[in-house]
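Colleague:
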Amino acid sequence: MIDRRHLMLSGIAALAVRHALAASPAMTLWGPPAAPSVLLAQAVAAGSIQGQSLDFRVWRSPDEMRAGIAGGTMQAVVVPTYVAANFYNRGAGLRLLNVLTEGLLYVVGTPDAEGVVGLAGRRVAVPFANDMPDLVLRRLLAKAALTPGRDIHLDYVGSPPEAVQLLLAGRVDAALLSEPAASAAILRGGMAGKELVRAVDCRRAWQVATGAASMPQAGLAVMPALADRLGGEGLEALQGALEAALARVKADPAAAGGAAATALELPAPVVGRAIASSNLVALRASAAREALTGFFAALAEDDPRIIGGGQPDAGFYAL
Numbered sequence: 379m380i381d382r383r384h385l386m387l388s389g390i391a392a393l394a395v396r397h398a399l400a401a402s403p404a405m406t407l408w409g410p411p412a413a414p415s416v417l418l419a420q421a422v423a424a425g426s427i428q429g430q431s432l433d434f435r436v437w438r439s440p441d442e443m444r445a446g447i448a449g450g451t452m453q454a455v456v457v458p459t460y461v462a463a464n465f466y467n468r469g470a471g472l473r474l475l476n477v478l479t480e481g482l483l484y485v486v487g488t489p490d491a492e493g494v495v496g497l498a499g500r501r502v503a504v505p506f507a508n509d510m511p512d513l514v515l516r517r518l519l520a521k522a523a524l525t526p527g528r529d530i531h532l533d534y535v536g537s538p539p540e541a542v543q544l545l546l547a548g549r550v551d552a553a554l555l556s557e558p559a560a561s562a563a564i565l566r567g568g569m570a571g572k573e574l575v576r577a578v579d580c581r582r583a584w585q586v587a588t589g590a591a592s593m594p595q596a597g598l599a600v601m602p603a604l605a606d607r608l609g610g611e612g613l614e615a616l617q618g619a620l621e622a623a624l625a626r627v628k629a630d631p632a633a634a635g636g637a638a639a640t641a642l643e644l645p646a647p648v649v650g651r652a653i654a655s656s657n658l659v660a661l662r663a664s665a666a667r668e669a670l671t672g673f674f675a676a677l678a679e680d681d682p683r684i685i686g687g688g689q690p691d692a693g694f695y696a697l
């Protein structure tokens, strides 16, 4: 029989648990300086998950992102999907919760250089050497039989804003940009009297070059400590929050752009306009497994080390 003392102790324990949850630091969702962060901003604005408050921050470079994962300071982070596979295969325990975009890379340039083959003889600014934008572009160039250094010149820069500056200054013919940087470049070009277009839609070019139906470019990955703390129910709640965020973003892109503009350091109208060309989704990783496997195989065709040596096993897919 349960006596009053046991009831009192149980009540004290329950209060202690609730107090600990309320007092625990916010769960930070880290995102890139790109459109998937619009979804994170929406999810955070909507409230908590399992009584846990949420925070949203932007990592500014792949080096910062990798350091955050390696050091354990980024427990929930949007990354290029191949980066998640690489960390998982190397024993870091990073698992992919979902896919948040099926392709938001564009080569922005003048109207006379449309299509991958139209880049022949051009100088293209490329942010982040040997990372997702560069890897995708190099695969597309290889499929088009264009060799960097011979048929096309790639100028590597440290950030998308640097690539935009080179393009607007006329020092390069085109720039490889993700959204919303692509939309920002086109808008700024128009204001300066320079017509710029999305000369290459990398998602469509990828589909043509590889025969793939989609391009699962980036998604939210979680570290073991956070996954264990949330448990299956918590991971489901996090996925549900992002699915709801996607619905709100699609219903009102202008408002969504405003909510994420400060973090992305771009005007709200630019961010809102970019949503239509960002191919945002909230697909469970397991549902996208076939597409992810094909994407990884194509990216790592010449160097399996890109994905950590081989295809990740079933444990990689958190949901």
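Every position in the sequence shown, counted from 1, becomes a number in this note's numbering once 378 is added.
Built from N, CA and C at the ideal position, the CB exists for glycine as well.
The model shown is predicted, which means the values in this text are computed figures rather than measured ones.
1. Hey, out of Leu658, Ala498, Ala587, whose CA is closest to Glu621's CA?
2. Could you check the C-alpha separation between Ala454 and Ala654 for me, to the nearest Å?
3. Run through DSSP, which three-state label would Gly687 get?
4. DSSP three-state label for Val659, please.
5. From the DSSP secondary-structure annotation, give me the bridge partner or partners of Phe434.
6. Looking only at its own chain, which residues have a Cβ that is under 7 Å from the Cβ of Ala619, when we skip the five neighbours before and after it?
7. First and last residue of the beta strand (DSSP E) that includes Gly499?
8. Which residue's Cα is closest to the Cα of Gly693: Gly449, Pro410, Ala615, Asn467?
9. Could you tell me whether the region 625 to 634 touches the region 585 to 602, where touching means 3 or more Cβ pairs closer than 8 Å?
10. Measure the alpha-carbon distance for Asp529 versus Ala623 and round it to whole angstroms.
11. Would you call the CB atoms of Leu598 and Met405 closer than 9 Å?
12. Does the distance from the CB of Ser664 to the CB of Leu697 come in under 9 Å?
13. With 16 other CB atoms within 10 Å as the buried threshold, where does Arg582 fall?
14. Report yes or no: do the region 567 to 576 and the region 514 to 521 share at least 3 C-beta pairs separated by less than 8 Å?
15. Should Met532 and Val504 be called a contact, given that it needs their Cβ atoms to be closer than 9 Å?
16. Between which residues of its own chain and Pro690 is the CB-CB distance below 7 Å, once the five residues before and five after are set aside?
Modeller: According to the structure data:
1. Stepping through the sequence shown from its first residue, residue 621 is reached at position 243. Minimum Cα distance to Glu621 is reached at Leu658.
2. Counting from one through the sequence shown, the residue named residue 454 turns up at place 76. Counting from one through the sequence shown, the residue named residue 654 turns up at place 276. Their Cα atoms are separated by approximately 25 Å.
3. Within the sequence shown, residue 687 is the residue found at index 309, counting from 1. DSSP, reduced to helix, strand and coil, places Gly687 outside both helices and strands of the structure shown, so it counts as coil.
4. Residue mapping note: residue 659 aligns to position 281 of the sequence shown, counting from 1. DSSP places Val659 in strand when its eight states are reduced to three.
5. As a first step, residue 434 must be located in the sequence shown, where it is residue number 56. DSSP lists Leu407 as partners of Phe434.
6. By one-based count along the sequence shown, residue 619 stands at place 241. Here Ala619 has Ala421, Ala424, Ile427 as same chain residues with Cβ atoms under 7 Å from its own Cβ, once five neighbours each way along the sequence are excluded.
7. For the purposes of this step, residue 499 is identified with residue 121 of the sequence shown, where counting begins at 1. Segment: none, Gly499 is in no beta strand (DSSP E) and carries neither H nor E.
8. Looking up residue 693 in the sequence shown gives position 315. Residue Asn467 is the option with its Cα nearest to Gly693.
9. No: the two stretches stay apart, fewer than three of their Cβ pairs being nearer than 8 Å.
10. Within the sequence shown, the letter at position 151 stands for residue 529. Within the sequence shown, the letter at position 245 stands for residue 623. About 43 Å.
11. Taking the first residue of the sequence shown as position 1, residue 598 is located at position 220. Taking the first residue of the sequence shown as position 1, residue 405 is located at position 27. In this structure, Met405 does not lie closer than 9 Å to Leu598 by Cβ.
12. In the sequence shown, the residue the question calls residue 664 occupies position 286. In the sequence shown, the residue the question calls residue 697 occupies position 319. With contacts defined by Cβ atoms closer than 9 Å, Ser664 and Leu697 form a contacting pair.
13. Locating residue 582 in the sequence shown gives position 204, counting from the first residue. Exposed: under 16 other Cβ atoms inside 10 Å.
14. Contact fails: fewer than three Cβ-Cβ distances are below 8 Å.
15. Locating residue 532 in the sequence shown gives position 154, where the first residue counts as 1. Locating residue 504 in the sequence shown gives position 126, where the first residue counts as 1. It is Leu, not Met, that sits at residue 532 in the sequence shown. For Leu532 and Val504, yes; Cβs fall inside 9 Å.
16. Start at 1 with the first residue of the sequence shown, and residue 690 comes out as number 312. Correct list, in chain order: Ala463, Tyr466, Asn467.
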